[in-house]
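Working notes, structure below.
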Amino acid sequence: MYSRINNDESSVGGLILAAGLSTRMGQSKPLTKFLDKKLIDQTIKTMQEAGIDHIQIVTGFEHERVEAYLQDNYSSDHIHTVLNPDYGNGSILTSIKTGLPELAVCESVFIQLADLPCIMPETYRKLLETMLVYRKKAVLPTVDGRRGHPALIRMDLLADILTYEGAAGGCGLRGFWKQLGADMMELPVEDRGCIMDTDTKEQLQEAENYMRQIYWGAEKCR
Numbered sequence: 150m151y152s153r154i155n156n157d158e159s160s161v162g163g164l165i166l167a168a169g170l171s172t173r174m175g176q177s178k179p180l181t182k183f184l185d186k187k188l189i190d191q192t193i194k195t196m197q198e199a200g201i202d203h204i205q206i207v208t209g210f211e212h213e214r215v216e217a218y219l220q221d222n223y224s225s226d227h228i229h230t231v232l233n234p235d236y237g238n239g240s241i242l243t244s245i246k247t248g249l250p251e252l253a254v255c256e257s258v259f260i261q262l263a264d265l266p267c268i269m270p271e272t273y274r275k276l277l278e279t280m281l282v283y284r285k286k287a288v289l290p291t292v293d294g295r296r297g298h299p300a301l302i303r304m305d306l307l308a309d310i311l312t313y314e315g316a317a318g319g320c321g322l323r324g325f326w327k328q329l330g331a332d333m334m335e336l337p338v339e340d341r342g343c344i345m346d347t348d349t350k351e352q353l354q355e356a357e358n359y360m361r362q363i364y365w366g367a368e369k370c371r
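Quick note, the sequence shown lines up with residues 150 to 371 if you use the working numbering.
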């Protein structure tokens, strides 16, 4: 059983970025079949298992289908959507700027991509514990020295993020993390799901096999 974040209703939120064009996959990635459900279901499930109940999802490509699916399968008390009108430019920064203000009530927010479904709930807890212990404004997981997801930020960074321009073309917050200096911390983890993309059908199959191995292995150990 995974430990849950001690969430006081609004202190910790989750931002799921699901607006991408899915060019390499050739179809809407959030609605792509994963295990017995969809990619977006697995990402939501992980956040909820970690104890994050206030989740904002930024939609874009095929947003009507994605939003309809979410409305049909989730309570609006915990899952909310907002459309990024600039999703076509290929930068996740516009999605972050669209979604973060919707979570302004939160003290900190996990920023997660919809197409990294293999992250373990325990990783969320470790990131939050690290932020609280070291009093950092941002904490990023790393696997074998490679930065992954989710990113955890304190919401007193909101104004700085909204005014940050960065570079076009999908660089996201790389430059922003750099300018934070000592206020940002990297946390080495053993969770390979933090860096397991599902940009292609081959990567999707690898991710499914990885998750089956984890869950089946856990069942065998009981």
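For every residue, glycine included, the Cβ atom is placed at its ideal position computed from N, Cα and C.
Item	Value
Along the chain, where does the beta strand (DSSP E) that runs through M333 open and close?	333-337
Out of N358, L166, G342, which one is the CA nearest neighbour of T272?	G342
Please classify Y283 as buried or exposed, where buried requires at least 16 neighbouring CB atoms within 10 angstroms.	exposed
Determine the DSSP secondary structure at I245, reduced to helix, strand or coil.	helix
Take the Cβ of T349 as the centre, count every other Cβ of all protein chains shown within 10 Å, and call the residue buried at 16 or more, exposed below.	exposed
Buried or exposed: which applies to P179, given that a residue is buried once 16 or more other Cβ atoms fall within 10 Å of its Cβ?	buried
Quick check: the Cα distance between D226 and A287, rounded to an integer number of angstroms?	27 angstroms
For G318, is the classification buried or exposed, using 16 other Cβ atoms within 10 angstroms of its Cβ as the cut-off for buried?	At G318, the pLDDT of 43 sits below 50, so the modelled position is not reliable and the matter cannot be decided from this model.
When you compare each of E357, L289, M360, V231 to A331 by their alpha carbons, which one comes out closest?	L289
Do L232 and G248 have their C-beta atoms closer together than 8 angstroms?	no
Taking its Cβ as the centre, do 16 or more other Cβ atoms sit within 10 Å of K187, making it buried, or is it exposed?	buried
Quick one: what does DSSP say F183 is sitting in, helix, strand or coil?	strand
By the three-class DSSP mapping on this structure, what secondary structure does V254 have?	coil
Give the DSSP-derived three-state secondary structure of F259 in the structure shown.	strand
Going by other Cβ atoms of all chains shown within 10 Å of its Cβ, with 16 needed for buried, is K182 buried or exposed?	exposed
Leaving out five residues before and five after L262 in sequence, what residues of the same chain have Cβ atoms less than 6 angstroms from its Cβ?	L166, H298
In three-state DSSP terms, what is Q176?	coil
Assuming I204 and M196 make a contact with CB atoms under 8 angstroms, what is their CB distance in whole Å?	6 angstroms
Applying the criterion that 16 or more other CB atoms from any shown protein chain within 10 Å of the CB defines a buried residue, is E339 buried or exposed?	exposed
Let's see if you can read the secondary structure: which residues bound the beta strand (DSSP E) around P290?	287-292
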